[in-house]
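Novice:
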Amino acid sequence: MLSVVNADGTTGTGSLIDDIVREGARRMLAAALEAEVNAYIAELADQRDEYGHRLVVRNGYHQARKVTTAAGAVEVKAPRVNDKRVDESTGERKRFSSAILPPWCRKSPKISEVLPLLYLHGLSSGDFVPALEQFLGPTAGLSPATVTRLTQQWQADHAAFSERDLSTSDYVYVWADGIHLRIRLREAKSCVLVLMGVRADGTKELIAMSDGYRESADSWADLLRDCARRGMRAPVLAIGDGALGFWKALAEVFPETRHQRCWVHKIANVANALPKAAQPGAKKALQEIYNAEDRDHALTAVAGFAKTYGAKFPKAVKKITDDVDDLLAFYDFPAEHWIHLRTTNPIESTFATVRLRTKVTRGAGSPAAALAMVFKLIESAQQRWRAVNAPHLVALVRAGARFERGLLIERPKAAA
258 MLSVVNADGT TGTGSLIDDI VREGARRMLA AALEAEVNAY IAELADQRDE
308 YGHRLVVRNG YHQARKVTTA AGAVEVKAPR VNDKRVDEST GERKRFSSAI
358 LPPWCRKSPK ISEVLPLLYL HGLSSGDFVP ALEQFLGPTA GLSPATVTRL
408 TQQWQADHAA FSERDLSTSD YVYVWADGIH LRIRLREAKS CVLVLMGVRA
458 DGTKELIAMS DGYRESADSW ADLLRDCARR GMRAPVLAIG DGALGFWKAL
508 AEVFPETRHQ RCWVHKIANV ANALPKAAQP GAKKALQEIY NAEDRDHALT
558 AVAGFAKTYG AKFPKAVKKI TDDVDDLLAF YDFPAEHWIH LRTTNPIEST
608 FATVRLRTKV TRGAGSPAAA LAMVFKLIES AQQRWRAVNA PHLVALVRAG
658 ARFERGLLIE RPKAAA
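Numbering of the sequence shown is given in my numbering, commencing with residue 258 and proceeding in unit increments.
#1: Please classify Tyr-247 as buried or exposed, where buried requires at least 16 other C-beta atoms within 10 Å of its C-beta.
#2: In chain order, which continuous runs of the alpha helix (DSSP H) of length 4 or greater are located wholly inside the stretch 520–560?
#3: How would you write the range of the alpha helix (DSSP H) that Ala-652 sits in, first residue to last?
#4: Let me know the secondary structure DSSP gives Asp-579 once reduced to three states.
#5: Give the C-beta separation of Asp-422 and Arg-487 to the nearest angstrom, bearing in mind that I take them to be a contact with Cβ-Cβ under 8 Å.
#6: Considering Cα atoms alone, identify which of Arg-352, Arg-305 and Gln-320 is closest to Val-338.
#7: DSSP state of Phe-590, grouped into three classes?
#8: Closest to Arg-655 by C-alpha separation, out of Arg-456, Ala-627, Val-333 and Lys-505, would be which residue?
#9: So which of Lys-533, Ala-525, Ala-534 and Leu-481 has the shortest CA-CA distance to Pro-512?
#10: Pull up the distance between the alpha-carbon of Arg-350 and that of Asp-344, whole angstroms please.
#11: List in chain order: all unbroken beta strand (DSSP E) runs of 3+ residues lying wholly within the stretch 454–493.
#12: Ordered along the chain, which non-local residues of its own chain (more than five positions away) have a Cβ less than 8 Å from that of Val-581?
#13: With DSSP run on the structure shown, which of helix, strand or coil describes Phe-660?
#14: Report the CB separation of Leu-531 from Phe-562 in whole angstroms; it is logged as a contact under 8 Å.
#15: Within 10 Å of its beta-carbon, does Thr-347 have 16 or more other beta-carbons around it, so buried, or fewer, so exposed?
#16: The ligand ATP and Gly-309: does any heavy atom of the ligand fall closer than 7 Å to the residue's C-beta?
#17: Looking at Leu-634: is its Cβ nearer than 8 Å to the Cβ of Glu-593?
#18: Whose C-beta lies closer than 8 Å to the C-beta of Ala-673 among residues of the same chain, with five residues either side of it excluded?
#19: Just curious, the alpha helix (DSSP H) that Pro-235 is in, first and last residue?
#20: Under a Cβ-count criterion, where at least 16 other Cβ atoms within 10 Å of its own Cβ denotes burial, should Tyr-318 be classed as buried or exposed?
#21: Sort Thr-600, Pro-624, Gln-639 and Gln-640 by Cα distance to Val-431 and report the nearest one.
#22: Please check the pair Ile-496 and Leu-598, which I expect to be a contact at CB under 8 Å, by giving their CB distance rounded to whole angstroms.
#23: Which residue comes first and which comes last in the beta strand (DSSP E) that contains Ala-321?
#24: Tell me whether the beta-carbon of Cys-484 lies closer than 8 Å to the beta-carbon of Asp-498.
#25: Which of the three DSSP states is assigned to Ala-282 in this structure?
#26: Roughly how many whole angstroms lie between the Cα atoms of Pro-648 and Pro-591?
#27: Tell me where the alpha helix (DSSP H) around Ala-506 begins and ends.
#28: In terms of residues, what are the limits of the beta strand (DSSP E) holding Trp-642?
#29: Output the distance between the C-alpha atoms of Gly-538 and Ala-528, rounded to the nearest integer angstrom.
#30: Quick one: using the 10 Å Cβ neighbour count with 16 as the cut-off for buried, is Pro-492 buried or exposed?
#31: Where does Ser-424 land, buried or exposed, given buried means 16+ other C-beta within 10 angstroms?
#32: Relative to the C-alpha of Lys-576, which candidate in Val-429, Arg-659, Ala-525 and Gly-663 has its C-alpha closest?
#33: Classify His-310 as buried or exposed, calling it buried when 16 or more other Cβ atoms lie within 10 Å of its own Cβ.
#34: Could you name the residues that DSSP lists as bridge partners for Trp-432?
#35: Starting from His-597, trace the alpha helix (DSSP H) in both directions and tell me its first and last residue.
#36: Skipping 5 residues on each side, what residues in its chain have a beta carbon closer than 8 Å to that of Gln-304?
See the structure below:
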């Protein structure tokens, strides 16, 4: 490909380096498609008709089309295959379908992934073309109609996710939190209710996500009952903040599940009951509690905290002593899991990026569209979640194994 380069290093389609990158991407894609077709034909070279002619052969090229990639819009002519074989069960001709470039593909998955990010960031559908034209070209296909169709698909994906069967997914640990975002939900004071769990193999997974009113007990109960209806088994331990609505609903739907209060939220609540001058020392004392080597040392640290601050700040101390059992529940589980079970950080860290995207937006369409876009963001982030430490111990927790000082002391015969 020859390009006329201007004195400033630009070409008719942009800069020279961009042209080189796009041409390189086009050639690599064309070579990959050729290799894919050649491998398909070679694999079926022994398939012949009664005259000895091959049933699967090359048949020129499809009409050229532009595909939007991270390198920009590149023009591709995909090889065509003439497959004369007939499916005996249906009587229809078999067809070759490229795994690299399906017939419907007009943009790479990464381009589709960036759309909800930009939309949640406040970019309206009408602004996509002018905003991305310099990067992806004027024919990127990111029109308002395209964005609208994608939004509808996201809503369908979220609806299917919310109705999927949970009977085959055993969640041993569950984090719960109500996330307040600046997106348009059903009520003025709505929030996104999120359940995230750890499966028996140690991997993390989004369980459920819906909107609720002020993290109320009714909203949480509706979400938990829906999960139970779809086959969700009671988790062994649930981790959440001080929202009374969740704990009340959990006791109703899964009464056998143990409670673990989030230490990050608890420290923030205690700090609010202390003067600023006393907060650094109090936070350090609280860290000695949840970082203790075992429950006994943690109880000693609790007593020390109460002795130091009880006389002057009884309300702050009461926030710890009243919930000490729920704050120290994680000590009855494997020591390798303590760092995961002390807080709701798995949810908070995931939604930190979502908050950045929603900080400047004034709305995201309908409530269903808003939830669907948040769901797609979390679905994308879920691919990067790492498993808990010592994932093999999660199955033992579900089997009822006992742990003292973070170490396994009893293993049920069934698990053994």
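Just so you know, even glycine gets a beta-carbon here, dropped at the ideal spot from N, CA and C. In this text the structure is predicted, and so the values were computed from the model without any measurement.
Specialist: Taking the geometry as given:
#1: In the structure as shown, the chain starts at 258 and stops at 673, and residue 247 therefore has no counterpart that could be examined.
#2: Counting only runs of 4 or more, we get 520–529 and 536–547.
#3: Its alpha helix (DSSP H) spans residues 649–656.
#4: coil
#5: So it is a contact: roughly 6 Å between Cβ atoms.
#6: Arg-352
#7: coil
#8: Checked all of Arg-456, Ala-627, Val-333 and Lys-505; the closest Cα to Arg-655 is Arg-456.
#9: Leu-481
#10: 6 Å
#11: Uninterrupted beta strand (DSSP E) stretches at least 3 residues long and entirely within the stretch 454–493 occur at 461–470, given in chain order.
#12: Leu-556 and Val-559
#13: The three-state reading of DSSP puts Phe-660 in strand, counting E and B together.
#14: Between Phe-562 and Leu-531 the Cβ distance is about 12 Å, and since that is not below 8 Å, they are no contact.
#15: exposed
#16: Absence of the ligand ATP is noted for the structure shown, with no ligands found whatsoever.
#17: no
#18: Interpretation of Ala-673 is limited by its pLDDT of 46, a score under 50 that renders its predicted location unreliable; no figure is taken from the coordinates.
#19: In this structure the chain extends from 258 to 673, so residue 235 is not present and cannot be described.
#20: Residue burial annotation: Tyr-318 is exposed, with fewer than 16 other C-beta atoms found within 10 angstroms of its C-beta.
#21: Thr-600
#22: 6 Å
#23: Note, Ala-321: premise wrong, no beta strand (DSSP E); not H, not E.
#24: no
#25: The answer is helix: DSSP assigns Ala-282 an H, G or I state.
#26: 10 Å
#27: 501–510
#28: That residue, Trp-642, is in no beta strand (DSSP E); it is neither H nor E in DSSP.
#29: 10 Å
#30: buried
#31: exposed
#32: Ala-525
#33: exposed
#34: Under DSSP, Trp-432 forms a beta bridge with Met-453 and Ile-496.
#35: 595–598
#36: Arg-311, Leu-312, Val-313 and Arg-342
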